[in-house]
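Residue numbers (UniProt numbering), protein chains in the order written: chain A, 1 to 234; chain B, 1 to 234; chain C, 1 to 234; chain D, 1 to 234; chain E, 1 to 234; chain F, 1 to 234.
Every residue gets a Cβ at the ideal spot worked out from N, C-alpha and C, and that includes glycine.
What you are looking at is a predicted structure, and each value in this text was computed from that prediction instead of being measured.
I have placed the structure first, in the form of structure tokens, so that the comments after it can refer back to it.
6 protein chains.
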Amino acid sequence: MRILVVNPNTTASMTALIGECARAVAGPGVTVDAVNPATGPASVESHYDEAMAVPGVLAEIAAAELAGYDGHVIACFGDPGLLASRELAAAPVVGIAEAAMRTAAYLGRTFSVVTTLSRTIGHTWELARQYGVADACAGVHACEIPVVELETDPAAYAVILAACRSALDRDGSDAIVLGCAGMADLCQRLSAELGVPVVDGVAAATLEVEKLVRLGLRTGKRGEFATPPAKAYA
Amino acid sequence: MRILVVNPNTTASMTALIGECARAVAGPGVTVDAVNPATGPASVESHYDEAMAVPGVLAEIAAAELAGYDGHVIACFGDPGLLASRELAAAPVVGIAEAAMRTAAYLGRTFSVVTTLSRTIGHTWELARQYGVADACAGVHACEIPVVELETDPAAYAVILAACRSALDRDGSDAIVLGCAGMADLCQRLSAELGVPVVDGVAAATLEVEKLVRLGLRTGKRGEFATPPAKAYA
Amino acid sequence: MRILVVNPNTTASMTALIGECARAVAGPGVTVDAVNPATGPASVESHYDEAMAVPGVLAEIAAAELAGYDGHVIACFGDPGLLASRELAAAPVVGIAEAAMRTAAYLGRTFSVVTTLSRTIGHTWELARQYGVADACAGVHACEIPVVELETDPAAYAVILAACRSALDRDGSDAIVLGCAGMADLCQRLSAELGVPVVDGVAAATLEVEKLVRLGLRTGKRGEFATPPAKAYA
Amino acid sequence: MRILVVNPNTTASMTALIGECARAVAGPGVTVDAVNPATGPASVESHYDEAMAVPGVLAEIAAAELAGYDGHVIACFGDPGLLASRELAAAPVVGIAEAAMRTAAYLGRTFSVVTTLSRTIGHTWELARQYGVADACAGVHACEIPVVELETDPAAYAVILAACRSALDRDGSDAIVLGCAGMADLCQRLSAELGVPVVDGVAAATLEVEKLVRLGLRTGKRGEFATPPAKAYA
Amino acid sequence: MRILVVNPNTTASMTALIGECARAVAGPGVTVDAVNPATGPASVESHYDEAMAVPGVLAEIAAAELAGYDGHVIACFGDPGLLASRELAAAPVVGIAEAAMRTAAYLGRTFSVVTTLSRTIGHTWELARQYGVADACAGVHACEIPVVELETDPAAYAVILAACRSALDRDGSDAIVLGCAGMADLCQRLSAELGVPVVDGVAAATLEVEKLVRLGLRTGKRGEFATPPAKAYA
Amino acid sequence: MRILVVNPNTTASMTALIGECARAVAGPGVTVDAVNPATGPASVESHYDEAMAVPGVLAEIAAAELAGYDGHVIACFGDPGLLASRELAAAPVVGIAEAAMRTAAYLGRTFSVVTTLSRTIGHTWELARQYGVADACAGVHACEIPVVELETDPAAYAVILAACRSALDRDGSDAIVLGCAGMADLCQRLSAELGVPVVDGVAAATLEVEKLVRLGLRTGKRGEFATPPAKAYA
């Protein structure tokens, strides 16, 4: 089984980190390849960034379909291009926000999301509503660390840890959901220190794709997610 | 006052039609210019089409901001790029789906949407939920005419009229919302024959922008819709 | 085009203020007349006040229909008599609460309402739910100034300004909605000082009616909002 | 214990019928008096009728409070004036729509409402949402018999019976809710013939008031439902 | 009329207290018997406790049906076994959580629940959603007194009173709902001291059953709540 | 890794079938053991059956925890005992209804549930609401085959196939969810004939547990799902 993990931004070091975290949980016999688009923004922190990242994501998905991948992960917490990818691909496609939040729903009544910048909070709530987990989402909290500084800021871990603690206290929640692919490598350490389950969407989405592939389940193609009609392009 | 209407697809004849319908309702002293992106799909009928149209829409919005437009309309019923445009622009931005559905909410308890292809029905319901009009939306009905054939298919009007009649009967609704910018020119004729209010989003959004400009209201910029952070692009 | 603005209470000075604010935004060629019922309470601050004000509102709407007005505004934030007015009138009718809250929905993800007395908070939330903007409404905050003191209390502006600031801080919202017609004249000054969009329902509803009239849209009359059946009256 | 049942319309024969049905279920030692306003419409079948009936309802409630009644029923399925009555009265006030629909919620998963004119269907759904029973309400069905003809139309019972049967078939519901006070006397006969529980709001609300009085429960007065502020009246 | 009140736990002193509180409100001619299962947990404070208590509850309901009781109350705030009891019994069955929360909905816009242990808060919210009162429920607050200590802890009343005061302040609610059958005897004293309506579910459910019986209403038996199919048991 | 699959009913042949279907999808190195309680009903088709099956389910979960299983599946579409099991177990617990419906949410916009008896439809909708997939659930359809006849009725497959086809037509959905563990073995054949994804909860839940275990995720224990307090038992 071959799974493609697409990092929607163009920061290669983050792509490497994401690939590592995905491979760390993939089952025996599962190959995980992590890629990012050739062009696009270095990080995704706004609706604009998302919009500009999506064509590159779709190009990667289309290429991976031709290359015979069995499933795809979109590894950015806004799940950019998810529905378009489901149209394009025969293989299943899973976003890390939907995977993280739905996975957290198996672990208790409520979870808190800890994310990067506060400007993304509204979008996260919108996704929670779309994915049916708004009642389970007890709070969305920003640590105000830009995505690209997650890897370089020496204080990042401590700030995120503090944001998690504060979220658990204020929300009375059962679990933490990490709201950025760039936090994937912190998951186990945070969980150990906090003593609560911490869900990283990269790992969760990778195993969700693996699960769907093993179940023989692919996107339903009889309506909204049929292959997009061919179009003339100007 | 200058309002830009962006047709997200690249079919110039549809851009012309949309511009005409917008100008037909604009107030005295209001200039309406209709444009479409230089590149992108000839019509938008899928999530994929939408994703590929958005960068072009954003480029038009950005250019129009520099050119000093007072407000912007996104003239495709999926409202592609709406939130990203709100980040980019200082001037207000209105999508035709949100404008059409919210305008219909002033006309009665419920409305029915009549749209082009059935594959867009799920997305329309999702928009209705996001815009808070899901309880008011009594049904979404497809007439199965592709967008680009709305102008050329001689049977289009009759098929759409029949779809509206059937929708009103089945849904018991108070009004019709047209689910495609390409139907804008049919609005008055349909309303006259059906004897119910029929809302075209192009006209509704143009006047909504005019209304916001006259009220001095622009997108709030203190959080989610602040100007997007500058980014390195690969 | 002639638009009637009905102030549901019987305080003539407030009617004058409301008329002025409506006229300030009305388009060229639009005549706005502001009236209030001959009988009824001096202000509307309870369900009881609303109930007692409604027959007077309906009498004004009925008279204005006979006089050939093209549209009507109900200028009290509880939208008293709105649905009954839609039955009575052929012309469109818009309430200032629905107009203010739906207009704010074009300006960002969320808004905060700042209103007069805390006893109206529950009703405002109920309206937000009915109008489909409950998810967008981040908070409803009272400044505890009675309606008739808005004009006379020299501290009113400062108290309202402080309530707006506090609301923005607590709610993290993108815009303010003023929850009383008697605050209409404070809108621009508040917006300038707060640096966020502030929506006054009187202005918003006036332009919404103007928009509907220009679009040729009137209340759908095939069901709930058909002219009320004639009745014997004891 | 003395309970006042207010019939909001001015049709004395209906007031008599309502009083009889309320007295038929009242407990030992409970006096039920049925009244109607001195002025107002002969029946309530529109938002306009409701608005015009409410001042009369409130006058009856106010008088009954002075007369020392222990609780009040508003006996019209739109619950006109309910919230204003709760402000006015120290004693509890119950509407027949809220009582009927909440009572039905104890009898199974879902119920169907059978009402008079189809123009009231939208309002009934709105009440169902306000009262929290929208998920339990499987359908609202009109029998198209005007309120005042319920007593005189010899076919009324048969038409209502057929509407109930059809509702149960289409909705798969567990119970019927009668959507008009004028159907109160048909309740037992319908239940016997249909073999399902049939809830009449007049009886349900009367016993709900009796229940609240025996529990010593009155409307909470610390906020929205405090006595309305005194007002100058023009 | 004979009403059975089942205390789902096996603490006889609590059963006695519950029976007393139920009898204190029952109408003339109504016999109330309080029982508890022969086996099961001493108190119900977890999903596990609930699950283990339910078979005993169902045995009591089944026995009471044979004994000809006219209605049944399940007197534990989680309403354990409620739906299964509705299948088993021909007579109506009411849980104290549904009765308390729906009764509170007649008393104002919102209520606050004050319960025992914080671990039950999530379940209470879930019930509020199921019963359609989530919008009316302004908060759920724990006083952290275990169920069996309600009777013995001399500080219990003061702690609960303080929790009620704090809940009213934080939630701005109109009424209190007591979230445990073991608090039934505190209801009047709390209401007197707090000056707000306080709803005890034991009393509310007892009178709700009495109400249903007097109305001749029983669980609908044409679908989900038909007598359970007979089963082979291992 | 060892996963326990608990069949809540006591029909050994169904336990065998469920175990086989779970093992068919389990990954390399994963041992799946299927058990059923020693006592309880032969099938679960009512709330009563569920209630009577739960203590046996909990006993199996408790025993499996002692035996060191890494995760647990509850293999009955009502997810009986799920929350109590999460309290009891340190290892993660997944129900087949939640797993099936959430898995289907990755495959398109909507799914249809095809289940056994129509009396379970209401409960399935309630679960869909609790699991946040009510908007995604386009319909719940019964084939009216009792659970124990799924294995023996030679017409069962054809009836279920027809119910699936009818559901897809009526609902316009993207996928089918099988609403009974006893249909697990039909999943692939149905999917092949229908040409749409068909989700069996037994397989989905088994792989969900495997996924959680590999992610190192267990139920959060800081609140509602902490180990139940020890209790005296009568």
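Limits of the alpha helix (DSSP H) - the one that residue i falls within
i, result
"C137 of chain A", "First-last for C137 of chain A: C137 to A142, but that is the beta strand (DSSP E), not the alpha helix (DSSP H)."
"L83 of chain B", "L82 to L88"
"S43 of chain C", "Taken as a continuous stretch (DSSP letters only), S43 of chain C belongs to no alpha helix (DSSP H), as it is neither H nor E."
"residue 249 of chain F", "Nothing about residue 249 of chain F can be reported from this structure: the residues present for chain F run from 1 to 234 only."
"G19 of chain B", "A12 to V25"
"S166 of chain B", "A156 to D171"
"S191 of chain F", "C187 to L194"
Residue nearest to residue i in terms of C-alpha spacing, selected from the options
i, options, result
"D171 of chain F", "F:V30, F:A84, F:R109 and F:H123", "F:R109"
"A226 of chain B", "C:G56, C:L217 and C:S173", "C:S173"
"I176 of chain D", "D:M101, D:G71, D:P92 and D:D70", "D:M101"
"H30 of chain F", "F:R86, F:V209, F:G216 and F:M52", "Looking at the sequence itself, residue 30 of chain F is Val, so the reference to His does not match. The shortest Cα separation from V30 of chain F among F:R86, F:V209, F:G216 and F:M52 belongs to F:V209."
"residue 257 of chain E", "E:G81, E:A99 and E:A62", "The requested residue 257 of chain E does not occur in the structure, where chain E is confined to residues 1 to 234."
"Y48 of chain C", "D:V147, D:P228 and D:A232", "D:P228"
"Y106 of chain B", "C:D33, C:S85, C:T120 and C:V113", "C:S85"
"V35 of chain C", "C:V25, C:V54 and C:P8", "C:P8"
"V57 of chain C", "C:E144, C:L83, C:E20 and C:V32", "C:L83"
"R23 of chain C", "C:T206, C:R214 and C:R222", "C:T206"
"A89 of chain C", "C:D200, C:A62, C:G179 and C:T11", "C:A62"
Same chain only: Cβ atoms within 8 Å of residue i, ignoring 5 sequence neighbours per side
i, result
"S13 of chain F", "E151"
"W125 of chain D", "A134, C137 and V140"
Beta strand (DSSP E) segment containing residue i, residue limits
i, result
"V177 of chain F", "A175 to L178"
"V198 of chain D", "V198 to D200"
"V113 of chain A", "F111 to T115"
Residue i - partner residues in DSSP beta bridges
i, result
"H72 of chain D", "D:L4 and D:V93"
"V35 of chain E", "E:V6"
"Y233 of chain E", "F:P41"
Cutoff 6 Å; reference residue i; Cβ partners in own chain excluding five residues on either side
i, result
"C127 of chain B", "Checking the sequence, you will find Leu at residue 127 of chain B rather than Cys. So the list reads A97, once near-sequence residues are dropped."
"E87 of chain E", "F225 and P228"
"S43 of chain D", "N9, V147 and V148"
Same chain, Cβ closer than 7 Å to residue i, five either side skipped, listed in chain order
i, result
"A64 of chain D", "L4 and H72"
"A91 of chain C", "E65, Y69, D70, G71, H72 and R218"
"I145 of chain B", "T116, D153, A156 and V159"
"S191 of chain A", "P197 and V198"
Exercise for review: With 9 Å as the limit, tell me which residues of the stretch 120–153 of chain C have their beta carbon closer than that to any beta carbon of chain E; keep them in chain order.
Suggested key: I121, G122, H123, W125, E126, R129 and A134
**Study point:** Against chain F: residues of the stretch 203–233 of chain D by CB proximity under 9 Å
**Key:** none
Review point. At a Cβ cut of 8 Å, what residues of the stretch 22–36 of chain C count as close to chain B, listed as they run along the chain?
Key: Within the stretch 22–36 of chain C, those residues whose Cβ lies closer than 8 Å to any Cβ of chain B are, in chain order, V25, G27, P28 and G29.
Point to revise | Selection of the stretch 46–70 of chain C by Cβ proximity to chain D, strictly under 8 Å | key: Answer set for the stretch 46–70 of chain C: S46, H47, Y48, D49, E50, A51, M52, V54, P55 and L58.
Exercise for review: May I ask you to list, following chain order, the residues of the stretch 169–183 of chain A that have a beta carbon less than 9 Å from some beta carbon of chain B?
Suggested key: none
Check your understanding: Taking a cut of 9 Å between CB atoms, which residues from the stretch 96–111 of chain D lie near chain F?
Key -> G108, R109 and T110
Practice item. Can you give me, in chain order, the residues of the stretch 80–95 of chain A that have a beta carbon less than 9 Å from any beta carbon in chain B? Key: P80, G81, L82, L83, A84, S85, R86, E87 and L88
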